[in-house]
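Data first, discussion second: the structure below is written as C-alpha cells.
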Amino acid sequence: MKSARHYFILLILAALAAWLRLSYYEPFNRSVSNYDTDRYMISSESPIFSLEFYTSIRQPSVAMAYQFVEPQSGYKLTNLSSPGDDVHPALEIQPGFDRVTALQSWLSIFSWLFLAWVVFRNIRNPNLGFLGATLILLFGFAPQMAEWDYVMLSEPISLSLFVILLGLSIELVVTLLGEQQRLSWKPIFLAVIWLLVAILWLLARDTNSYLLLPIIAVILLLAWRRTASRKLSLGYLVGAGLLLLSLFLVAARLSQASDRWVNPYFNNLLARVLPVPEYRAYFVERGLPVTEALMAEVGGNLTELSLFQMPNLVSWVEEEGLSTYFGFMLTHPGWAIGTFSDGVAIAFTENVQPFFRRNTDVTPEFLVFLGGLLHPKDETIILIVALELLLLGRLAAKTGLPGLIALSFLFSVFFLGELLMFFVSVHGDAAGIVRHSMGSVMPLRLSLWLSIPFIFDAMEIVPS
Amino acid sequence: MMLLALATTLSMAIVLLSHAAPKRSVPWLVFGIGYMFLAASLVAELVLAYEFQDWAVRGFYWARIMLAVAWLGQGTLLLNLPRNKYLNYATWGLIAASLVSLGMITFTPITRAEDWFSPSQPIYWQLGEVLATNRPTRWGGLLLNFFGVAALICGAIYAYLVGNKKEWRTAARPALIVLGGLLLIIPIYWPPTEMTVIFLYSTVFAPILLFLGVSEVLYMDKGTRKPGNKMDRQ
C-alpha cells in the first residue's frame, strides 16, 4: 500500500534525476545540426492548416515544433555535423535553435518523469515501484538518450512522444478496467489526450504508424470475441479500432504523398537490388529503367542526389516502386527476413549519438558507462524481452488479475509493434540504419528494464 | 548483463524481504539478506567493471566471496526447518561470522596489482592478486562457502524427500536450488578469465534459479488472490 511518504520519496527521486539531467549535460542553448535540419526549417514555413505542410519533405510534427518556437530573427544554421564524413563538432550556440533544444530537452524531461510516475503508480510493492522508477529515470537521463535533445533532427521529439504515449497507454488500460459499460469522464479524458499525443507521434516519423497495426488488431479481436465488451460497449471498441485504422491510413497516405520515401528507395536500389543480377532482373521485368548512369552509382555513396536527375527513374519509382518492392519482399521472404536480421545487428552496434563531441568536462565518464549498461548493444535482448513478456503473461494468467493481464497484453502488443516498426525501418532505407531504427531500438531496450518490476510485483510467495 | 542481473537480484531481494516483513519470518528474512549480499556484490562488480575502487574490491570479497552463498544456504535450511533450534543458533553464528569477516576484510591491504587492474576482465580472476588476504580470511571464506553449499544441497534434498514427488514442479525445485548454488560457487573457485557469454548469463540465472527453487511461484493457483476490477493501485 502506497502512502504519502512513498510519493514523497518518489518526488525526491524525480528531483534527483532532474538535477542529474540539468547538471551533467550542456546548457539548453547549444545544439548541432545535420544536412536534414534545413529541410525542417523549410517545412516549418508552410501554414499548419495546409495540405502542403503535411506532405512536405520533412515530418509535420517536427516542423510544427520548429514553427511554434521560431524566434522573430529566424533560425541560423551555423554548426553542421556530418558523421558520414567524420565531422563531429562540439555543441555550439546556433541562433534560434536554442529554443528547439530547450523544447526538446524539457519535453524529454517531462516524458521520462511522467513514465516513471505512471510505472510507480501501477506497481503494488512500493520498493519495486522505486526500483522501476529509478531504472526508467536512469535510462532516460543517460547520455545515450539525453544527448539526442541537442540534435536538430526528428528523433528527440519522436522518442519523447513515444515515452508519453507509453505512459498514457498504461494509465488508459488500467483505468478502463475499472469502468462499466458506459465510460466516466476520466477514461474519456485520457483517451482524448492519448489520441492527441498519438497523432503528434505518428506525424513525427513515417515508420511510427506501424505500431498501430497490432493495437488495431487486438482491439478488433477483443470486439469480435466480445471479451472486453462485457465491460465496455461493443461500439466503443469498434469505434476505437476504426479510428486507429483511419489514423494509420491517413498517416501512410500523407507519407506517400510527401515523397520523403523516394531518396531512401534509391538507397535500397543501389545497395540491395542493383548489385545482385537476380534481384535486378525482377525489378527490370517490372519496368525499372536501368541505365549505365544508374549502374555507375552502384558501390558508391548512398543518399546520392544525382538519381533525382534521372526523370524516368524518378517517375517509375513514384508510380511502381513501392508495389514492386513490396511484391519483391513477398516473393523473396528469405531475403526480406535476412535483410531484416542483418539490419538488426547493425542497428544495435551503436547506442550513442554520432553528431557531436561530448564535453567530458560536463558529462562524467561514469554516466556514459552506466548509460552503456542501460542501453545494451547486444541484439539478443530482443529474445530476453520476449521471454520476460512470456513470463509476465504466464504470471498474469495464473494470478487472474485483470490489471496484470491487461498490462501484459499492452506490453506484448507494443513489443510486436516495435518489431514491425523495426522491420519497416530496416527495409525503408539501406542507409542510416542505426538512426532510422532508433525509434524501435530504444523502446526494445526500455522494455528490458520496464518488465522486471512488473514481473516481480506479480509474484506471490507462499511459505513452504 | 550484469546490470540485468543486478535489477533481477534486487527485485527478488525486495520481494523476499517484503514477504518476510509482515510475517516477521526469519527464514525469508535470512534468504532475503542473502539476495541483498548478492545484489551488493553485483554493485561492486559493476563499479569494478568501470574502474578500480578499494571499497568495491573489499565489498565484493566480503559480500560475494565470503557471505552470499552462506546466507542463501542458511535461508534454504530455515525455509525447510523453520523451528529447528540448532539452525537458529547457526543463524546467530552466521551473523557473528559476517561481522568478524567484515572486520577482517576492512583491514586487508590492497596490493600493487592495483596498478595493472583491468576493468574489462572479471574481478573473480583478479581478486587474488589485488587483495592481500591472510590465511584466516581465506579459510573463513572457504568454510562459509562450504557451509553454504552443504546447506543448499541438504535443504534441496530435504525438500525433495518431504515434497510431493509426483508433482513435477515440486520434484524439480531441489534441482533448481542445486543448480543455482553451483552457478554461484563455480566462479569463486574456478574464476573466469574473460567476460564470456556463459559467465554473464550465469550471473543472471543463478539467483533466478535459486529463487524459483524456493518460491511457490511455479504452481500458484489462480484465485489465490481475489481478482479485482482493476489494479488496486494505492
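Chains as they are written, first to last, in our numbering: chain A, 1 to 464; chain B, 1001 to 1234. Glycine is no exception: its CB is placed at the ideal position from the N, C-alpha and C atoms.
Rounded C-alpha distance that separates residue i from residue j
| i | j | result |
| --- | --- | --- |
| A:F467 | A:V314 | Because chain A here runs from 1 to 464, residue 467 of chain A falls outside it and cannot be looked at. |
| B:K1230 | A:W185 | With a pLDDT of 39 at B:K1230, under the threshold of 50, the predicted position of this residue should be treated as unreliable, and no value is reported. |
| A:L450 | B:W1092 | 38 Å |
| A:E292 | A:R286 | 18 Å |
| A:F340 | B:G1128 | 46 Å |
| B:R1112 | B:V1197 | 30 Å |
| A:V119 | B:T1108 | 43 Å |
| A:Q256 | A:L196 | 22 Å |
| A:N125 | A:I9 | 14 Å |
| B:G1213 | B:A1175 | 8 Å |
| A:E320 | A:W224 | 36 Å |
| A:D206 | B:I1177 | 49 Å |
| B:V1130 | B:I1110 | 6 Å |
| B:M1220 | A:M421 | Confidence at B:M1220 is low in this model, with a pLDDT of 39, below 50, so the placement of that residue should be treated as unreliable; the coordinate-derived value is given next. Looking at the two C-alpha atoms, the distance is approximately 36 Å. |
| A:P299 | A:L274 | The sequence shown places Gly at residue 299 of chain A, rather than the Pro named in the question. Their Cα atoms are separated by approximately 10 Å. |
| A:P156 | A:L200 | 13 Å |
| B:L1161 | A:A345 | 48 Å |
| A:L13 | A:G372 | 21 Å |
| A:R39 | A:S425 | 20 Å |
| A:T349 | A:S105 | 25 Å |
| B:L1142 | A:S408 | 44 Å |
The ligand COA heavy atom lying under 7 Å from the CB of residue i
| i | result |
| --- | --- |
| A:P126 | Because no ligand of any kind appears in the structure shown, any question about the ligand COA cannot be addressed here. |
Own chain residues within Cβ distance below 6 Å of residue i, not counting five before or after
| i | result |
| --- | --- |
| A:Y404 | A small fix is needed here, since residue 404 of chain A is Leu in this sequence, not Tyr. Excluding positions up to five away in sequence, the list reads A396, A458. |
| B:G1073 | G1148, A1151, L1152 |
| B:G1163 | T1170 |
| B:A1044 | A1056, G1059, F1060 |
| B:L1010 | A1039 |
Nearest candidate by alpha-carbon position, reference residue i, set the options
| i | options | result |
| --- | --- | --- |
| A:A18 | A:Q94, A:S82, A:F49, A:A116 | A:A116 |
| A:I433 | A:N267, A:V118, A:T37, A:L195 | A:N267 |
| B:A1096 | B:A1070, B:T1108, B:F1117 | B:A1070 |
| A:L138 | A:Y279, A:E379, A:V344, A:L20 | A:L20 |
| A:N359 | A:S31, A:L11, A:L16, A:I12 | A:S31 |
| B:N1080 | B:S1011, B:V1100, B:Y1158 | B:Y1158 |
| B:I1065 | B:Y1189, B:L1003, B:Q1121, B:R1083 | B:Y1189 |
| B:Q1053 | A:F366, A:E418, A:A386 | A:F366 |
| A:G417 | A:G428, A:G439, A:L401 | A:G439 |
| A:L16 | A:I109, A:I164, A:G321 | A:I109 |
| A:L202 | A:S412, A:T331, A:L161 | A:L161 |
| A:G343 | A:S437, A:L444, A:Y265 | A:S437 |
| A:P453 | B:M1001, B:V1015, B:L1003 | B:V1015 |
Other residues of its chain near residue i: CB distance less than 7 Å, five sequence neighbours each side excluded
| i | result |
| --- | --- |
| A:P289 | N312, L313, W316 |
| B:W1055 | none |
| A:I337 | none |
| A:S56 | S43, S46, A63, S258 |
| B:P1192 | P1122, Y1124, W1125, F1199 |
| A:F356 | V32, S81, H88, P89, A90, L91, Y150 |
| A:E26 | L91, Y150, N359, V362 |
| B:M1012 | Y1035, P1207, F1211 |
| A:I164 | S111, F114, V197 |
8 Å CB neighbourhood of residue i in its chain, flanking five on each side removed
| i | result |
| --- | --- |
| B:E1051 | P1119 |
| B:R1233 | Residue confidence is low: B:R1233 scores 41 on pLDDT, short of 50, so the model does not pin down where it sits. Its coordinate-derived value is still stated next. No residues qualify anywhere along the chain. |
| A:I219 | L237, A240, G241, L244 |
| B:K1226 | Note that B:K1226 scores a pLDDT of 39, beneath 50, so its modelled location is shaky; the value from the coordinates is reported in the next line. Once the five neighbours on either side are set aside, B:K1226 has no close Cβ partner at all. |
| A:T331 | Y282 |
Partners in chain B for residue i, counting only beta-carbon separations shorter than 9 Å
| i | result |
| --- | --- |
| A:F456 | T1008, S1011, M1012, I1014, V1015 |
| A:L131 | A1007, L1010, S1011, I1014 |
| A:M442 | Under the 9 Å cutoff, chain B gives no residues; its nearest Cβ is about 16 Å from A:M442. |
Under 7 Å from the C-beta of residue i: neighbouring residues of chain B
| i | result |
| --- | --- |
| A:P471 | The question about residue 471 of chain A has no answer, for chain A in this structure spans 1 to 464. |
| A:L135 | A1007 |
| A:M145 | What A:M145 touches in chain B: nothing, since even the nearest Cβ is about 15 Å away. |
| A:F369 | Y1050 |
| A:F366 | Y1050 |
| A:L128 | S1011, I1014 |
Within chain A, partners of residue i - CB distance below 9 Å
| i | result |
| --- | --- |
| B:L1004 | L373, P376, I381, I384, L448, W449, I452 |
| B:S1041 | Those within 9 Å of B:S1041 in chain A number zero; the least Cβ separation is about 16 Å. |
| B:S1101 | Neighbours of B:S1101 on chain A: none; closest Cβ ~27 Å, over 9 Å. |
Residues that residue i contacts on chain B, provided the C-beta gap is smaller than 8 Å
| i | result |
| --- | --- |
| A:N125 | I1014, V1015, S1018 |
Where residue i meets chain A, residues with beta-carbon distance less than 8 Å
| i | result |
| --- | --- |
| B:S1120 | The contacting residues do not exist; B:S1120 stays about 12 Å from chain A at best. |
Proximal residues of chain A, C-beta to C-beta of residue i below 7 Å
| i | result |
| --- | --- |
| B:S1202 | None at all; the shortest Cβ gap to chain A is about 15 Å. |
TODO: Give, in chain order, every unbroken run of the alpha helix (DSSP H) that is at least 4 residues long and sits entirely within the stretch 326–371 of chain A.
DONE: Whole alpha helix (DSSP H) segments, 4+ residues: 333–347.
Open item on the list: Runs of 3 residues minimum, wholly inside the stretch 1175–1208 of chain B: which ones carry the beta strand (DSSP E) assignment?
Closed with: As far as the stretch 1175–1208 of chain B is concerned, it has no whole beta strand (DSSP E) run of at least 3 residues.
Task: Contained beta strand (DSSP E) runs [length at least 3] in the stretch 1104–1186 of chain B, N- to C-terminal order - done: none
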